[in-house]
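Colleague: Pasting a structure below so you can have a look.
Residue numbers (full-length UniProt numbering), protein chains in the order written: chain A, 1 to 367; chain B, 1 to 367.
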């Protein structure tokens, strides 16, 4: 009996070391012992420092289970894995591949609690560094102070992507790689202004980077001496709630609509088509993100944030911070200071933007 | 006579090609001809495209005079060459040296007209790219829109250092390398807060980056749930105008003074010493820039913006944009997007900061 207990306990340590954190109840079933017996084993193993118990799971201490001795492993904690983040992941993979590193993905579904949990889970599993896009307050674009305090205490080198830490908070000491969404939006608005548009509507989702996009729109119109563009929010994501408001601004004289993002722009195309409004002859339309903009039935002029480059540079940087950079892709000249890198989106002009329609002659207004 | 005219004209072309732009009047003196004769020569030479005349100077057209075929030349247009910019220049030199490039310096004395003139002069002389610190509005930290329009039209790759272009303006499409002065100021304020200081005065110069320093101070105190620090401006640079105001805040209960910049901090040390106030026992003092902070009689805790790294990376980047990068110091992995890089200053803790003095017992207040 004494020998069997010892064997079982050694097996528990082996399982968590080789397979990572285990659910305690399932582990009891697997070992064919009662929950009480397993709890006693775990209490003993935790007391001698062989494992760690947390929230009903058994976690390894000591040697990481997912990272080999030569291959650094980077955890990637993103709000989702599709649409925009697909590009981030592609760039991250390229950098990891070039450095012989491994990537592990955790998805947070835009929930701050979940992203902290994912980060801690990956650290427990032995990742050498993290690349994260934590979820800010969508109204302000800033992370919440309590969230910053927790993120600043993660125990491995961490680089944020597509997120701005408050300059006055502790996360400002973490490296960031961002698309400069304010500049991107301004470039888009300037394109419309240079075509001759003066009355522009902005149709916007509510997302983590919407405040920066809005800020860029306001700055560019102020810079051009125009009134602020009229801003219409999408409402419930994926809904047609904004449809009537957009059509009304066009009736009132708007000649161009800036849409953040592409997904919403493809909806707006339908709204306009259904209302018999031709793109771009009657209304110019410009998209943002450039994930699906080129595939719309009227290929959309759009701003293309450098998603792949953001993902690539974030992984290169976190590898350098981990000391795991062996590839020449990581510049040996990068110094020690915390880096906040912003990369400016590119404008891709396609078929959805042109010079504004002639304004109706004043006599037409009364017909 | 005809032959002598031809010879003289060939000599004029040679002089401007070899020595760069020439003042027309001095050129006439040098050639021993009258102003009228020289003007006729210049009119002829300009009409056949051998030289260009502008604002009383004669400029070369054609082959650059300062750049050899293999050595790219970078113009460095800075407001001054001493104090802070000494570090920028040192970093720029290192990067240029590593790439076999040449640097040419132009100083603007913080005058926007002069910096545009310096930039255009260097371009005329054949520089392949520019690194500039244009002079913003000291009250806002932003470049003036008309100035941005001109800077955005410079005809060679240009990288700004220590300057932020408005996201809504045309210069946002230029690369920038900056110290994150807002984050640096916040790190300094947090150091004081962590020591236990609650009543903090900020003593500030009026300079191109002062608005960002102020912003960081306000953000950090808001983040810590404190009232805004009291901000005292220096007044006339180099004066003692702020002295009485600073001493008054200390009498009123301030236990720490954040000083932007070092030069002003060394003055403040004298003010406190003369008033019999001991640093750091009675008042903690923290400097900014870390150029001379370590040499003060009480060695100052100070924020150190990564001046050398800013200069180095700006030159590396402009060389990459010129296509003149041959050194491995320029990462081949840098992509094509415009980059805005912010590097976070480091805190160097020395002897001028400590825990706050005991507050006077309430009974003491009435003595």
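Backbone N, C-alpha and C define an ideal beta-carbon position, used for all residues, glycine too.
#1: Output yes or no for whether 9 Å exceeds the beta carbon distance between residue 343 (chain B) and residue 178 (chain B).
#2: Going by beta-carbon coordinates alone, are residue 310 (chain A) and residue 156 (chain A) separated by less than 9 Å?
#3: Between residue 148 (chain A) and residue 116 (chain A), what straight-line distance do the alpha-carbon atoms span, to the nearest angstrom?
#4: Nearest CA to the CA of residue 345 (chain B): which residue from B:227, B:46 and B:216?
#5: Work out the CA separation of residue 279 (chain B) and residue 237 (chain A) for me, nearest whole Å.
#6: Please return the same chain residues whose Cβ sits closer than 7 Å to the Cβ of residue 329 (chain A), not counting the five positions on each side in sequence.
#7: Rounded to the nearest angstrom, what separates residue 306 (chain A) and residue 351 (chain A) at their Cα positions?
#8: Against chain A, which members of the stretch 153 to 180 of chain B pass a CB distance test of less than 7 Å?
#9: Is there at least one Cβ from chain B nearer than 9 Å to residue 221 (chain A)'s Cβ?
#10: Per DSSP, what kind of secondary structure is residue 60 (chain A) in: helix, strand or coil?
#11: Alpha carbons only, please: which of A:143, A:10 and A:73 is nearest the one belonging to residue 101 (chain A)?
#12: With DSSP as the reference, label residue 248 (chain A) as helix, strand or coil.
#13: Do we get a CB-CB distance below 9 Å when we pair residue 306 (chain B) with the residues of chain A?
#14: Any idea what DSSP makes of residue 226 (chain A), helix, strand or coil?
#15: By Cβ distance below 8 Å, which residues in the same chain neighbour residue 354 (chain A) in space, the five residues on each side in sequence not counted?
#16: Using the beta-carbon count (16 or more within 10 Å), is residue 204 (chain A) buried or exposed?
#17: Taking one C-beta from the stretch 80 to 90 of chain B and one from the stretch 14 to 33 of chain B each time, how about it: are there three or more such pairs within less than 8 Å?
#18: Give a yes or no on whether the minimum CB-CB distance between residue 89 (chain A) and chain B is below 9 Å.
#19: So what does DSSP say about residue 329 (chain B), is it helix, strand or coil?
#20: For residue 369 (chain A), would you say it is in contact with chain B, using Cβ-to-Cβ distances shorter than 9 Å as the test?
#21: Does the separation of the CB atoms of residue 202 (chain B) and residue 214 (chain B) fall below 9 Å?
#22: Secondary structure at residue 367 (chain B), three-state DSSP: helix, strand or coil?
#23: For residue 110 (chain A), which residues of its own chain have a beta-carbon under 7 Å away from its beta-carbon, when the five flanking residues on both sides are left out?
#24: Measure the C-alpha to C-alpha separation of residue 51 (chain B) and residue 130 (chain B) and round it to an integer number of angstroms.
#25: Taking the alpha helix (DSSP H) that residue 273 (chain A) belongs to, which residues open and close that run?
#26: Among the residues of its own chain, which have a CB less than 7 Å from the CB of residue 407 (chain B), if the five just before and after it don't count?
#27: Of all Cβ atoms in chain A, is any one closer than 9 Å to the Cβ of residue 101 (chain B)?
#28: Using only CA atoms, which one of A:193, A:244 and A:167 lies nearest to residue 181 (chain B)?
#29: Suppose contacts are defined by Cβ-Cβ distances below 9 Å. Is residue 187 (chain A) in contact with residue 173 (chain B) by that definition?
#30: Near residue 250 (chain B), which residues of its chain fall below 7 Å by C-beta distance, leaving aside the five closest residues on each side in sequence?
#31: Taking 9 Å as the threshold (C-beta atoms), are residue 300 (chain A) and residue 269 (chain A) in contact?
#32: Check whether the Cβ of residue 145 (chain B) lies closer than 9 Å to any Cβ atom in chain D.
#33: Using a Cβ-Cβ distance cut-off of 9 Å, determine whether residue 325 (chain B) contacts chain A.
#34: So, at 8 Å on beta carbons, what are the nonlocal neighbours of residue 210 (chain A) in its own chain, with the 5 sequence-adjacent residues on each side left out?
#35: At least one CB of chain A closer than 9 Å to the CB of residue 216 (chain B): is that the case?
#36: Would you check if the distance between the CB atom of residue 368 (chain B) and the CB atom of residue 75 (chain B) is smaller than 9 Å?
Modeller: With the given structure in hand:
#1: For the purposes of this step, residue 343 (chain B) is taken as the residue at position 343 of the second chain. For the purposes of this step, residue 178 (chain B) is taken as the residue at position 178 of the second chain. Yes, they are a contact pair.
#2: Here residue 310 (chain A) refers to the residue found at position 310 of the first chain. Here residue 156 (chain A) refers to the residue found at position 156 of the first chain. Going by C-beta atoms, residue 310 (chain A) is not nearer than 9 Å to residue 156 (chain A).
#3: Start at 1 with the first residue of the first chain, and residue 148 (chain A) comes out as number 148. Start at 1 with the first residue of the first chain, and residue 116 (chain A) comes out as number 116. C-alpha separation (whole angstroms): 10 Å.
#4: Numbered from its first residue, the second chain carries residue 345 (chain B) at position 345. When only C-alpha atoms are compared, the closest one is B:216.
#5: Indexing the first chain from 1 puts residue 237 (chain A) at position 237. Indexing the second chain from 1 puts residue 279 (chain B) at position 279. C-alpha separation (whole angstroms): 58 Å.
#6: The sequence position of residue 329 (chain A) within the first chain is 329, counting from 1. Any reading at residue 329 (chain A) needs caution, since the residue's pLDDT is 39, under 50, leaving its predicted position unreliable; the model's value is listed next. Within the same chain, residue 329 (chain A) has close Cβ partners 95, 98, 99 and 316.
#7: Within the first chain, residue 306 (chain A) is the residue found at index 306, counting from 1. Within the first chain, residue 351 (chain A) is the residue found at index 351, counting from 1. Roughly 21 Å separates the two Cα atoms.
#8: 166, 167, 168, 169, 172, 173 and 180
#9: Position 221 of the first chain holds residue 221 (chain A). So, interface residue.
#10: Locating residue 60 (chain A) in the first chain gives position 60, counting from the first residue. Residue 60 (chain A) falls in the strand class under three-state DSSP.
#11: Sequence index remark: in the first chain, residue 101 (chain A) carries index 101 (1-based). Measuring from the Cα of residue 101 (chain A), the nearest candidate turns out to be A:73.
#12: On the first chain, residue 248 (chain A) is found 248 positions in, with the first residue counted as 1. Three-state DSSP puts residue 248 (chain A) in a helix.
#13: Within the second chain, numbered from 1, the residue matching residue 306 (chain B) stands at position 306. Chain A, which has a Cβ nearer than 9 Å to the Cβ of residue 306 (chain B), makes this yes.
#14: Within the first chain, numbered from 1, the residue matching residue 226 (chain A) stands at position 226. Residue 226 (chain A) falls in the coil class under three-state DSSP.
#15: Here the question's residue 354 (chain A) lines up with position 354 in the first chain. The answer, listed in chain order, is 195, 280, 281 and 284.
#16: Locating residue 204 (chain A) in the first chain gives position 204, counting from the first residue. Buried, because 16 or more other Cβ atoms sit within 10 Å of the Cβ of residue 204 (chain A).
#17: no
#18: Reading the first chain from its first residue, position 89 is the one you call residue 89 (chain A). Not closer than 9 Å to any Cβ of chain B, the Cβ of residue 89 (chain A) fails to qualify, so no.
#19: In the second chain, the residue the question calls residue 329 (chain B) occupies position 329. Confidence at residue 329 (chain B) is low in this model, with a pLDDT of 39, below 50, so its placement is unreliable and the value that follows should be read with caution. Coil.
#20: Since the first residue of chain A shown is 1 and the last is 367, residue 369 (chain A) is not available in this structure.
#21: Locating residue 202 (chain B) in the second chain gives position 202, where the first residue counts as 1. Locating residue 214 (chain B) in the second chain gives position 214, where the first residue counts as 1. Yes.
#22: Indexing the second chain from 1 puts residue 367 (chain B) at position 367. Confidence in residue 367 (chain B) is poor, its pLDDT being 41 and thus under 50, which makes the residue's placement unreliable; the coordinate value appears in the next sentence. If DSSP states are grouped into helix, strand and coil, residue 367 (chain B) belongs with coil.
#23: As a working mapping, residue 110 (chain A) is identified with position 110 in the first chain. If we look at residue 110 (chain A) and ignore the five residues flanking it on each side, its Cβ neighbours are 79 and 135.
#24: To locate residue 51 (chain B), count along the second chain from 1; it is residue 51. To locate residue 130 (chain B), count along the second chain from 1; it is residue 130. Those two C-alpha atoms are separated by around 23 Å.
#25: As a working mapping, residue 273 (chain A) is identified with position 273 in the first chain. Residues 262 to 274.
#26: An answer regarding residue 407 (chain B) cannot be provided, because it is not within the stretch 1 to 367 covered by chain B.
#27: Residue mapping note: residue 101 (chain B) aligns to position 101 of the second chain, counting from 1. No, its Cβ sits nowhere closer than 9 Å to a Cβ of chain A.
#28: What you label residue 181 (chain B) is simply residue 181 of the second chain in a count that begins at 1. For the residues A:193, A:244 and A:167, the minimum Cα distance to residue 181 (chain B) belongs to A:167.
#29: If you number the first chain from 1, residue 187 (chain A) lands on position 187. If you number the second chain from 1, residue 173 (chain B) lands on position 173. Yes; because the gap between Cβ atoms is below 9 Å, this pair is in contact.
#30: Taking the first residue of the second chain as 1, we reach residue 250 (chain B) at position 250. Closer than 7 Å at Cβ, skipping near neighbours: 277 and 283.
#31: Position 269 of the first chain, counting from 1, holds the residue named residue 269 (chain A). Position 300 of the first chain, counting from 1, holds the residue named residue 300 (chain A). Result yes, Cβ atoms of residue 269 (chain A) and residue 300 (chain A) sit closer than 9 Å.
#32: The displayed structure is made up of protein chains A and B, and chain D is not among them.
#33: Taking the second chain and counting its residues from 1, one reaches residue 325 (chain B) at position 325. Reliability of the predicted coordinates at residue 325 (chain B) is poor, the pLDDT of 46 falling under 50, and the value obtained from them is presented with this limitation in mind. False, the Cβ-Cβ gap to chain A never drops below 9 Å.
#34: As a working note, residue 210 (chain A) is residue 210 in the first chain. Taken in chain order, the residues that qualify are 138, 141, 204 and 260.
#35: Here residue 216 (chain B) refers to the residue found at position 216 of the second chain. It does: the Cβ of residue 216 (chain B) has a partner Cβ on chain A nearer than 9 Å.
#36: Since the first and last residues shown for chain B are 1 and 367, residue 368 (chain B) lies out of range.
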